[in-house]
Amino acid sequence: MNYMQKGPYVVVVNPFSYSSVIASDRDLAYGVFDTKTNLFFSVSNNVEPAELHALIREGDTFFNQNGRVYTIARSAIRPIAVIMSTSRASYYHNFCDQASLTLPLGIICSILLVLVWSRTRRQYHSPRNMLQRALSCRQLRLHYQPIIDIKNNRCVGAEALLRWPGFDGPVMNPAEFIPLAENEGMIAQVTDYVVDELFYEMGEFLASHPQLYIAINLSASDFHSARLISQISEKAHSYAVCIGQIKIEVTERGFIDVPKTTPVIQAFREAGYEIAIDDFGTGYSNLHNLHALNVDILKIDKTFVDTLTTNNTSHLIAEHIIEMARGLRLKTIAEGVETPEQVSWLYKRGVQYCQGWLFAKAMPAREFMQWLANAPAPANVPQPPRHAEI
Ligand code: C2E
Ligand code: MG
Ligand code: MG
12 MNYMQKGPYV
22 VVVNPFSYSS
32 VIASDRDLAY
42 GVFDTKTNLF
52 FSVSNNVEPA
62 ELHALIREGD
72 TFFNQNGRVY
82 TIARSAIRPI
92 AVIMSTSRAS
102 YYHNFCDQAS
112 LTLPLGIICS
122 ILLVLVWSRT
132 RRQYHSPRNM
142 LQRALSCRQL
152 RLHYQPIIDI
162 KNNRCVGAEA
172 LLRWPGFDGP
182 VMNPAEFIPL
192 AENEGMIAQV
202 TDYVVDELFY
212 EMGEFLASHP
222 QLYIAINLSA
232 SDFHSARLIS
242 QISEKAHSYA
252 VCIGQIKIEV
262 TERGFIDVPK
272 TTPVIQAFRE
282 AGYEIAIDDF
292 GTGYSNLHNL
302 HALNVDILKI
312 DKTFVDTLTT
322 NNTSHLIAEH
332 IIEMARGLRL
342 KTIAEGVETP
352 EQVSWLYKRG
362 VQYCQGWLFA
372 KAMPAREFMQ
382 WLANAPAPAN
392 VPQPPRHAEI
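Start counting the sequence shown at 12; every next residue gets the next number (our numbering).
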């Protein structure tokens, strides 16, 4: 017997009973041995040390023999090891018991992990979050499409059009992400971004070219409050840009709340901004709104410009729109002009301003400045007689 004492306590250890295992497996047999001498300190009741001694081996620590499963575990710090065995039936029974408990738990945990992962991934790649990140990382770019006075072929300004360049893919069209921003309640953020970018890259240029203007596109909901008026005016003031050099385009992709929008449009006009109604004749922009909103410029949509020089009668609508604009004393800009025949047709009917790929596509700020510098000097190019003069 070994005795150990501390204060009033004495511990008595029987060297033949060093080990004790509490297990429900009745077939379990084991022995603890010294790895230097291979002598057993203690063995379970149902096995002889000589029997286990024959099974001690290096390396192979898990093995089957005589219908039993053995495993040997060696201590990493002491010269001591344990050899354990059970019947094969008991081993597989225990294995199945463990598996039936841990397997469903493992499967449930894996499914939960996959669900959380795919949800996070979906959220990260949702169009809303992607647009939010693009705005935060200032990835959206403004391009400028020249607007031409066709009386003298002079560029009077440009429309700022937003672009979303992909990392390695194509540039995303605003026709896709502006409705997304509108539906997700992010359009105010997009508009603030446009105003900031516009003045950042064009502010000084506009101040030194007071004959030029830039038109920015606002969505109907941007007119639900007057906050943009002071915001744009402050920017214009800080860059010494005249208020008349910024024009505002209103697009009606959704239903326009005329009573809510009209006071803000009028406040813009009173502050000196000219307002254009964009894409006139499409979507919700109709005659009633044109009259009620009381704007300065009417932009004839490309869908009508496309029909001007075709043989069918759809150009009659464009003629009516132009007549109506003249009656309301509005300036008119034809959008999406692609051929000289269209210019000629429009000029004859008194449309003074055109915008389209015939003149130039929308381009980055630097390119636009270069384009202006290379443009031929304004000339009174011979034009076909105007409608009023016929
Ligand atoms: P929009 O204001 O009517 O702009 C004119 C669109 O017609 C532009 O498309 C322009 O690239 C395209 N276009 C111009 N000339 C031609 C032509 O000759 N041929 C053809 N095929 N297309 C021409 P874009 O840039 O894709 O813009 C689509 C719409 O997205 C814009 O229509 C505007 O409603 C909206 N948008 C663009 N930028 C902004 C923005 O900063 N804010 C808001 N709220 N809307 C924007
Ligand atoms: Mg526009
Ligand atoms: Mg348009």
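We treat Cβ as the ideally placed atom computed from N, Cα and C, and that holds for glycine.
{"Item": "Closest residue to T46 among Q16, A84, S55, L126 (Cα-Cα distance)", "Value": "A84"}
{"Item": "Pair within 9 Å by beta-carbon distance, L173 and F188", "Value": "yes"}
{"Item": "Buried or exposed by the 16-neighbour rule on C-beta atoms within 10 Å, applied to R360", "Value": "buried"}
{"Item": "Meets three-Cβ-pair contact criterion under 8 Å: the segment 333 to 342 and the segment 137 to 149", "Value": "no"}
{"Item": "Cβ shell of V22 (< 6 Å), same chain only, five flanking positions each side left out", "Value": "M15"}
{"Item": "Segment contact flag, the segment 154 to 164 with the segment 354 to 368, C-beta cutoff 8 Å, min 3 pairs", "Value": "yes"}
{"Item": "CB contact flag (E212, A376, <9 Å)", "Value": "yes"}
{"Item": "Length of the line joining the Cα atoms of P185 and V269", "Value": "24 Å"}
{"Item": "Exposure of H154, with buried meaning 16 or more beta-carbon neighbours within 10 Å", "Value": "buried"}
{"Item": "Outcome for S35 when other beta-carbon atoms lying within 10 angstroms are tallied against a minimum of 16", "Value": "exposed"}
{"Item": "Sub-9 Å separation of L152 and W175 beta-carbons", "Value": "For the record, residue 152 in the displayed sequence is Arg; it is not Leu. Closer than 9 Å, so yes."}
{"Item": "Burial state of I88, where buried means 16 or more other Cβ atoms lie within 10 Å", "Value": "exposed"}
{"Item": "By C-beta, the residues closer than 5 Å to any heavy atom of ligand 2, given in chain order", "Value": "N228, E260, D289"}
{"Item": "Spatially closest choice to I286 from K258, R99, W368, by CA coordinates", "Value": "K258"}
{"Item": "3 or more residues per run - each beta strand (DSSP E) lying fully within the segment 121 to 182", "Value": "152 to 160, 165 to 174"}
{"Item": "Contiguous beta strand (DSSP E) assignments of at least 3 residues, all confined to the segment 190 to 234", "Value": "224 to 230"}
{"Item": "Burial state of C365, where buried means 16 or more other Cβ atoms lie within 10 Å", "Value": "buried"}
{"Item": "DSSP state of D290 mapped onto helix, strand, coil", "Value": "strand"}
{"Item": "Contacts around Y250, its chain only, beta-carbon distance under 8 Å, and the 5 residues preceding and following it disregarded", "Value": "F210, G214, E215, L217, A218"}
{"Item": "Simplified DSSP assignment, three categories, for P396", "Value": "Confidence at P396 is low in this model, with a pLDDT of 41, below 50, so its placement is unreliable and the value that follows should be read with caution. In the structure shown, P396 sits in coil (DSSP, three-state: anything other than H, G, I, E or B)."}
{"Item": "Simplified DSSP state of A45, which is helix, strand or coil", "Value": "Checking the sequence shown, residue 45 turns out to be Asp, not Ala. Three-state result, D45: strand."}
{"Item": "Span separating the alpha-carbon of N300 from that of R133", "Value": "40 Å"}
{"Item": "Endpoints, the alpha helix (DSSP H) within which E316 is located", "Value": "According to the sequence displayed, residue 316 carries Val and not Glu. From DSSP, the alpha helix (DSSP H) with V316 extends over 313 to 316."}
{"Item": "Start-to-end residues for the beta strand (DSSP E) that takes in K258", "Value": "257 to 262"}
{"Item": "Proximity winner among V182, P190, V362, Y284, relative to M374 (alpha-carbon distances)", "Value": "V182"}
{"Item": "D317 CB to nearest heavy atom of ligand 3 below 8 Å", "Value": "no"}
{"Item": "Cβ neighbour criterion (16 or more within 10 Å) applied to S96", "Value": "buried"}
{"Item": "Reduced DSSP secondary structure (H/G/I, E/B, other) of E285", "Value": "strand"}
{"Item": "Rounded straight-line distance, which links the Cα of S121 to that of S98", "Value": "33 Å"}
{"Item": "Presumed contact (8 Å Cβ cut-off) between E378 and G367, rounded CB distance", "Value": "Contact doesn't hold; Cβ gap of about 17 Å is too wide."}
{"Item": "DSSP-derived helix/strand/coil call for C365", "Value": "strand"}
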